[in-house]
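First comes the structure, then the notes that go with it.
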Amino acid sequence: MAASTDRGVAGEGFTVETAEGLLPPGTRFELHEGNILVMTPAAQWHSDVQMRVVQMLRERGLVAGMEVGVEIAPEETRVLDVGVFKGQRDLHKAYFSADQIALAVEVVSPSTAQNDFRDKPILYAKLGIPAFWRITENEDDEGNITDYIVELFVLDEKGRYALERTASLDDLEAEDGEPS
1 MAASTDRGVA
11 GEGFTVETAE
21 GLLPPGTRFE
31 LHEGNILVMT
41 PAAQWHSDVQ
51 MRVVQMLRER
61 GLVAGMEVGV
71 EIAPEETRVL
81 DVGVFKGQRD
91 LHKAYFSADQ
101 IALAVEVVSP
111 STAQNDFRDK
121 PILYAKLGIP
131 AFWRITENED
141 DEGNITDYIV
151 ELFVLDEKGR
161 YALERTASLD
171 DLEAEDGEPS
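End of the sequence shown = 180 in the UniProt record's numbering, gap-free, step of one.
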């Protein structure tokens, strides 16, 4: 769930700097055409998956974080559920340029499914982020979550994501080396 606010003073949109100055510290938000979209806290299962992915990636020597902000334009941002950086990052920043991101990870929730399946992969590919993972729940016949399925995409020569493989999160965690 998210709530949005109208544009800033005199019809100009908000930027990361103006939004951070307006909102309480630590507020999760995205900018959509200069409008602030305040993000609600994630459900616990969602956060657990994010933590598992970050831990797995860090154990492999990658620089990974949860809730990584990507500044697309002065008035346009998105927040990755998990992001892997191409190098070291400034720990005092919340928003980074897309060219600093090696992997974007989205954990699909019912409220974000349309964005996670359609909009975000198209956007991240246009931004040139080399890899994208989409994680969905795997349920048994009674609707109980048994594991999570990870679709691993890589940017192809046409600038679109191509599915490289699908694996369970448990299997990825058990692998040695960088998951590809």
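Don't be surprised by glycine CBs; every beta carbon is placed ideally from N, CA and C.
- For secondary structure counted as the beta strand (DSSP E) over 3 or more consecutive residues, the stretch 99 to 131 holds these complete runs in sequence order: 101 to 107.
- By the Cβ neighbour-count rule, P41 is exposed, with fewer than 16 other Cβ atoms within 10 Å of its own.
- Taking a C-beta distance under 7 Å as the contact criterion, V154 and V105 do not qualify as a contact pair.
- A distance of 7 Å or more separates the beta carbons of A131 and G159.
- Residue state for T77 is assigned as strand, using DSSP reduced to three classes.
- For R165, the three-state secondary structure derived from DSSP is strand.
- Excluding sequence positions up to five before and after L123, its CB lies within less than 8 Å of the CB of I72 and R78, all in the same chain and listed in chain order.
- Rounded to the nearest angstrom, the gap between the Cα atoms of A19 and H32 is 12 Å.
- In this structure, DSSP gives E67 an extended state, which the three-state scheme calls strand.
- One Cα belongs to R118, the other to G13, and the distance between them is close to 25 Å.
- Taking all protein chains in view, the Cβ of E30 is crowded by 16 or more other Cβ atoms within 10 Å, so the residue is classified as buried.
- Taking a 10 Å sphere around the C-beta of E157, we find fewer than 16 other C-beta atoms and assign the residue as exposed.
- Looking only at L169, L152, E59 and G128, the smallest Cα-Cα distance to I145 is reached by L169.
- One thing to note: G69 has its Cβ within 7 Å of the Cβ of A94.
- Per DSSP, the beta bridge partners of L152 are W133 and R165.
- DSSP places E30 inside the beta strand (DSSP E), whose first and last residues are F29 to H32.
- Residue environment for W133: buried (at least 16 other C-beta atoms within 10 angstroms of its C-beta).
- DSSP places D48 within a helical segment (H, G or I) once states are collapsed to three.
- Less than 7 Å separates the beta-carbon of V107 from that of V49.
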